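Visitor:
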Amino acid sequence: MKKYIDSGKKDTRSGFGAGLLEAGKRDSRVLALTADLKGSVKMDAFAAEFPDRFIQCGIAESNMVGVAAGLATTGKIPFIGSFAEFVTGRVYDQLRQEVAYGHTNVKIASSHAGITLGEDGATHQTMEDIALMRALPGMAVIVPCDYNQTKNATIAAAAYNGPVYLRFGRPSVPNFTPEDEPFEIGKVYNLNEGKDVTLIACGHLVWEALLAAEALEAEGISAEVLNIPTVKPLDEAAVIASLRKTGCAVVAEEHNMAGGLGEAVAGVAASAVPVPIDFVNGADRFGQSGTPAELLAAYGLNAEAIAAAARKVLKRK
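The sequence shown: position 202 = 201 (numbering that gives the first Met the number 0), numbered continuously.
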């Protein structure tokens, strides 16, 4: 199996910050807005470089969405940044009416997503955001896996014509994708060819899927690993091709079972290639307080759980 090297753990929110700065250098229409969380969402460098293109909206997320939508109608490319819970659940009505329904060119920068937000607990962690954003017509949903991919996805989001939900996190995770690999919205990245089972993941769990594939290889099981950062629009053809080849799959994500990547893949499979699929996700639970490592273990969101699910689903082929 192909080996991937962790070049040094980094947080994906810093990848967003680096990508936002680069996007701002490439296009003067790029703006940054935040709800009193400039440092937390890593908009500092952009604000320092382009102070006239940075807007501090204060703790008024709904108003921030409206300001961004208005700016988008004038040809600007606004990124709105806050914690995932606050920039989805708190402002869902505004996102629906002013961004999705109006199809305004607003980019939703969603930091501190999932349970790996950690000690802040359930009120600040969101495991439902992908489902909320997938449900909005015309909304692209992107969940990159590491620093490099988040940086490049941010640059791609700025060039994309339409609303984008970009999800990233706070903890430092392995950084293993190529630094210079351009990000393509809608593309599935095949990280390892396999023939027995397909391991599909997004976000922080892509690295765990690679570790699971290594463990399975030691048992004589050949696992294909798909990194699917674009949950919507989903590259259905790539998913179908892999499922036809292996005949079964496991989908892993740092999100609840309802409405996430797992259901997106299951929908494709049901309509085109009905094969056994198992799921590694947060089930039907809220988060809780703990370190990221403790919570990932407690919720079964790791390589061990993915490998166990693969062994289980192989018996159903």
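Just so you know, even glycine gets a beta-carbon here, dropped at the ideal spot from N, CA and C. All of these numbers come straight from a predicted model, not from anything done at the bench.
Give me the Cβ distance between L198 and V224, rounded to the nearest whole Å; I'm assuming they're in contact under 8 Å.
Guide: Between V224 and L198 the Cβ distance is about 5 Å, and since that is below 8 Å, they are a contact.
Visitor: To which residues of the same chain is T290 closer than 8 Å at the C-beta, ignoring the five residues directly before and after it?
Guide: So the list reads G117 and E118, once near-sequence residues are dropped.
Visitor: How big is the Cα-Cα spacing for I107 and T33?
Guide: I107 and T33: Cα-Cα distance of roughly 10 Å.
Visitor: Let me confirm a value: T245 is counted as buried when at least 16 other C-beta atoms fall within 10 Å, else exposed. Which label applies?
Guide: By the neighbour-count rule (16 or more Cβ atoms within 10 Å), T245 is buried.
Visitor: By Cβ distance, which residues of its chain are closer than 7 Å to A121, with the 5 residues on each side in sequence left out?
Guide: Hits under 7 Å: F285, G286 and Q287.
Visitor: Which first and last residues belong to the beta strand (DSSP E) in which R166 is found?
Guide: Here the beta strand (DSSP E) through R166 covers V163 to R166.
Visitor: Checking 8 Å against the spacing of the C-beta atoms, do V196 and A271 come in under that value?
Guide: No, the Cβ-Cβ distance between V196 and A271 is not below 8 Å.
Visitor: Under 6 Å Cβ to Cβ from S61, same chain only, skipping five residues before and after it: list those, please.
Guide: Excluding residues within five positions, the ones whose Cβ falls inside 6 Å are V90 and Q93.
Visitor: Kindly identify the DSSP beta-bridge partner or partners of I76.
Guide: Answer is V29.
Visitor: Can you tell me the Cβ-Cβ gap for T72 and T103, rounded? I've got them flagged as a contact below 8 Å.
Guide: The pair is a contact, with the Cβ atoms about 6 Å apart (cut-off 8 Å).
Visitor: Any idea if Q96 is buried or exposed, counting beta-carbon neighbours within 10 angstroms, 16 or more meaning buried?
Guide: Under this definition Q96 is an exposed residue.
Visitor: Measuring only the C-alpha atoms, how far is N191 from Q124?
Guide: Distance between the alpha carbons of N191 and Q124: 31 Å.
Visitor: Grab the span of the beta strand (DSSP E) containing S6 for me, first residue to last.
Guide: Per DSSP, S6 belongs to no beta strand (DSSP E) and is neither H nor E.
Visitor: K2: which of N226, T229, L294 and L210 sits nearest, CA to CA?
Guide: When only C-alpha atoms are compared, the closest one is L210.
Visitor: Note down the Cα distance separating L300 from A236, rounded to an integer number of angstroms.
Guide: Cα to Cα, the separation comes out at about 27 Å.
Visitor: To which residues of the same chain is S241 closer than 7 Å at the C-beta, ignoring the five residues directly before and after it?
Guide: These residues qualify, in order along the chain: T197, E223 and L225.
Visitor: Under 8 Å by Cβ, that's how I've got G359 and M126 pegged, so tell me the actual separation to the nearest angstrom.
Guide: Because the chain is modelled from 0 through 316, residue 359 falls outside the range shown and cannot be assessed.
Visitor: Taking the C-alpha atoms as reference points, what is the distance between N147 and E216?
Guide: Distance between the alpha carbons of N147 and E216 is about 27 Å.
Visitor: Near Y188, what residues of its chain come up, given a Cβ to Cβ distance below 6 Å and the 5 sequence neighbours on each side ignored?
Guide: Around Y188: N226.
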